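Scroll down for the structure; my scribbles are underneath it.
Protein chains in written order, with the numbering used here: chain V, -10 to 249; chain R, 380 to 673; chain G, 30 to 552.
What follows is the structure in structure tokens.
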């Protein structure tokens, strides 16, 4: 599916996450993001990188919640912090899906010429990241097989250095290869111009509707986007907004949202 | 014999005067004997002012806790923001989210009563302010960033709000027997339309049942509606020290009510959980199908 | 072959930044168009550097001091950055997976052309041509991440050529491939040279795979190069395919480079008696009905295997036959679905009962010096000995103060092996130990493996390097489709195989495994 459609999708999903701390909405958003990942992810090591985004989200949520314990401890404060953390986690998961369903270089091509270099650096990072993440497991195992446990803090270099160095070498190899194949040489042409498939159009429309619904809800202060923690009462779950989040699942439902 | 008779007469007079008061909770006698602490909370939304005579559950509470007590005892709707330190909404007026200045330039201004009906602009936050027995706290919705520009609530003193001789105020102690009809009539409380809570002082015994609350057991709260004279419009930018009796909007004394039942999660929430489960299972199946086929 | 020069080096001397010695010294050579050229020599001798001068990566990408001139298809590489040479020379690195830019095979092929601004219609035609030329048409819509090693190499070559360069440079293209895969790649390269007139320059250690196919050899030795016919260059160097080593030691002239050449020169030797497997040591490793897999793939099915102390077992098989899974199961880090694994009578404890040197030695190297690397293992295992002994066992004591990452691939493998062996696990596993490894390092490894087994340990090598297996193994196990299809004396098993027979067997018949054996018999 056209990368621009995915960019639309991730932007609207992020908008939804930004405007609310309601756990029902955020929870549904995460479930939708996971579903879209399952249906549309590019096969290969990107799958593991999604897990990393998920874990990063949980860690962020945990840290945000634990910070409350530095001050006055009340149930309301803890819940408030947890909801903020949940919002962070939702944003990370949504980006995890985006990373897993797009080809980083397909996204880079869309960058205007002026931003081509930074976009390329980002794409390189995204392309190398899955391999680097996959190497965590490999390195940990390999070190265990010489009697080194990588579980303790002190043995972090044994885990981190091989991973980082391999990541660096991969990045250099990739950059070398791109350079040698004429990257950045001049005007480029497109082999297969990205066409706007029906799935892409449907995704853009559905995502826009979802984003718009939440923008409207936020600006008109219809309420329910931020559950009350003082006093602590059950958050609302408006069927309209729930349906709006459901629209973000469209790429996962329609034709898998990716080229066969 | 004479002395004994005088003594007996004096005692009888004393008992006779005090008896009705004694037998109704929180009366002056009871108050002089062992007064439960209470403070006044005045909430001025701009179109309506409601007063709450709040029984304190401690010698001194914070300004935010006072609001929580008022909510428990009278059903005052409130919402705090900024992790419980700022007031976003009172009595249905305010902002929905956590940013209490979301409707800026309007917001809830915080004032302290000076005891004589005047108001002083608060310099600290409600969460850090200690409210003692007899204090008057004021909240006023409007625009204006200082004591001279922000509208003040009508002039009210603790006695205006917590008129102890006529109407017993709710107290945290166990319910006392219903007041005798004679004393309940009291101070011209004719209207007694009982805003929502226990019936008037006429119906003895009914009040307790209608107003039981979890945090403070309110026994015969008698509603007292006091309509102040004056125009209903809220004068904006009125000076802090408003003279008593000046034109002010309706001042309503809150009738103690049970807080609304919190209930369980909303139906929409259960639907959401179902949808999440569905997506989770659907995603898992899709993953397996793709892995098998690829 | 009209005499046009594809690549010319004139007085090229190059040093990497911060290097003490130049990587290339006074290189003067000419490669004509349509030549199939091979760069050979020990690692660190300058082969990789030389390859990178051909497309400008040296010096534009690497920096350093550069003297002399390199002309590629008439263009001076100092005047043209690599991207400006992309239309005349293409480079395929050793591990193409790290160099793939896009996801689909088709898109990857078109990438170079897109950069050159080729019009879409022409691009589509070229992509089709490349798919046919490298025989990868069925893979066109596949994700590059899902390809096998051989497929990946061919896709990388196709992608490199799609842009139409006349010169193709490859860095060890067959190191990750099993014998069949390697054959396909070499055959494809030959077709390119013979049918299309492409100039191909490649660096390779596994000379038995390519020596017979090339026209020109470049022998590298500490930065200097000798150019000539493959037979001549190989005769003057210590390296070469087994037939060449045999030819050198028995004085054949010309030195044979292929099995066919050797047959012409060899006289028949009597069949060598095949010894039964030496079954004297105690059983140390037992696999009983082991079934194991991952992601729904069953990599091992009902494996029954008993390994004895003192054995050096080579596990051979195609890529994907289950070799790595077998090693991991013995090491105790892979869960079995069925069956039991016992090492020393109990479930194996990774790192304690079994040590495994990974396919990529870089996965475990993290210390500042080689000695520190070995010391880390000793400390972790609680042994108080001096690392020097361990380094000596692998012949790398002179590298004790070097930074592991500064070493060549072969030296890194030896360091990793030392680090793993320092754990004193009786069972030592080596996963593809000869990837990118030069013959000298291979020799040191072989010596170490023999001594470890002689001390009562068990060594298991998973490899497709048939020559190494022939040289060092006391027993060969062949895996296919997760099952053991052959198990026994190397001479018997390798002699019986078409794909995995070493060159000596192909020339002289079953029972003959190494040039040393044959030379001895011929003497």
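Backbone N, C-alpha and C fix where the C-beta goes; we use that ideal spot for every residue, glycine too.
The model shown is predicted, which means the values in this text are computed figures rather than measured ones.
Assuming residue i and residue j make a contact with CB atoms under 8 Å, what is their CB distance in whole Å?
| i | j | result |
| --- | --- | --- |
| residue 359 of chain G | residue 456 of chain G | 7 Å |
| residue 89 of chain V | residue 100 of chain V | 20 Å between Cβ atoms; not a contact. |
| residue 472 of chain R | residue 449 of chain R | No, residue 472 of chain R and residue 449 of chain R are not in contact; Cβ-Cβ is about 15 Å, not under 8 Å. |
| residue 144 of chain G | residue 118 of chain G | About 14 Å; that fails the 8 Å criterion. |
| residue 6 of chain V | residue 71 of chain V | So it is not a contact: roughly 15 Å between Cβ atoms. |
| residue 115 of chain G | residue 174 of chain V | 7 Å |
| residue 386 of chain G | residue 462 of chain G | 7 Å |
| residue 524 of chain G | residue 515 of chain G | Incorrect: roughly 11 Å between the Cβ atoms, too far for contact. |
DSSP three-state call for residue i: helix, strand or coil?
| i | result |
| --- | --- |
| residue 1 of chain V | helix |
| residue 547 of chain G | helix |
| residue 487 of chain R | strand |
| residue 75 of chain V | helix |
| residue 541 of chain G | coil |
| residue 131 of chain G | coil |
| residue 94 of chain G | strand |
| residue 676 of chain R | Nothing can be reported for residue 676 of chain R, as the shown portion of chain R is limited to 380 through 673. |
| residue 23 of chain V | helix |
| residue 431 of chain R | strand |
| residue 516 of chain G | strand |
| residue 29 of chain V | helix |
| residue 556 of chain R | Unreliable positioning characterises residue 556 of chain R in this predicted model, as indicated by a pLDDT of 40, which lies under 50. A coordinate reading is not provided. |
| residue 409 of chain G | helix |
| residue 104 of chain V | helix |
| residue 52 of chain V | helix |
| residue 60 of chain G | strand |
| residue 350 of chain G | coil |
| residue 464 of chain R | coil |
| residue 509 of chain R | strand |
| residue 125 of chain V | helix |
What residue range does the beta strand (DSSP E) around residue i cover?
| i | result |
| --- | --- |
| residue 253 of chain G | 253 to 257 |
| residue 417 of chain R | 417 to 423 |
| residue 120 of chain G | 118 to 121 |
| residue 43 of chain G | 34 to 44 |
| residue 290 of chain G | It is not in any beta strand (DSSP E) - residue 290 of chain G instead sits in the alpha helix (DSSP H) that spans 288 to 294. |
| residue 313 of chain G | 312 to 323 |
| residue 142 of chain V | Neither: residue 142 of chain V is in no beta strand (DSSP E) and is coded neither H nor E. |
| residue 418 of chain G | Run containing residue 418 of chain G: none in the beta strand (DSSP E); it sits in the alpha helix (DSSP H), 416 to 422. |
Are the CB atoms of residue j and residue i within a distance shorter than 8 Å?
| i | j | result |
| --- | --- | --- |
| residue 200 of chain G | residue 101 of chain G | no |
| residue 488 of chain R | residue 529 of chain R | yes |
| residue 15 of chain V | residue 476 of chain R | no |
| residue 8 of chain V | residue 226 of chain V | no |
| residue 286 of chain G | residue 260 of chain G | yes |
| residue 265 of chain G | residue 255 of chain G | yes |
| residue 443 of chain G | residue 401 of chain G | no |
| residue 222 of chain G | residue 65 of chain G | yes |
| residue 532 of chain R | residue 498 of chain R | yes |
| residue 186 of chain V | residue -10 of chain V | yes |
Closest to residue i by C-alpha separation, out of the options, would be which residue?
| i | options | result |
| --- | --- | --- |
| residue 330 of chain G | G:337, G:526, G:369 | G:369 |
| residue 315 of chain G | G:133, G:339, G:377, G:178 | G:377 |
| residue 503 of chain R | R:423, R:666, R:490, R:653 | R:490 |
| residue 204 of chain V | V:4, V:-10, V:-3 | V:4 |
| residue 652 of chain R | V:243, V:235, V:188, V:239 | V:235 |
| residue 356 of chain G | V:223, V:131, V:232, V:192 | V:131 |
| residue 60 of chain G | G:258, G:279, G:182 | G:258 |
| residue 39 of chain G | G:226, G:536, G:105, G:548 | G:105 |
| residue 52 of chain G | G:237, G:73, G:334 | G:73 |
| residue 449 of chain G | G:481, G:231, G:434, G:436 | G:481 |
Can you tell me where the alpha helix (DSSP H) with residue i in it begins and where it stops?
| i | result |
| --- | --- |
| residue 168 of chain V | 145 to 169 |
| residue 186 of chain V | Segment: none, residue 186 of chain V is in no alpha helix (DSSP H) and carries neither H nor E. |
| residue 449 of chain G | 438 to 450 |
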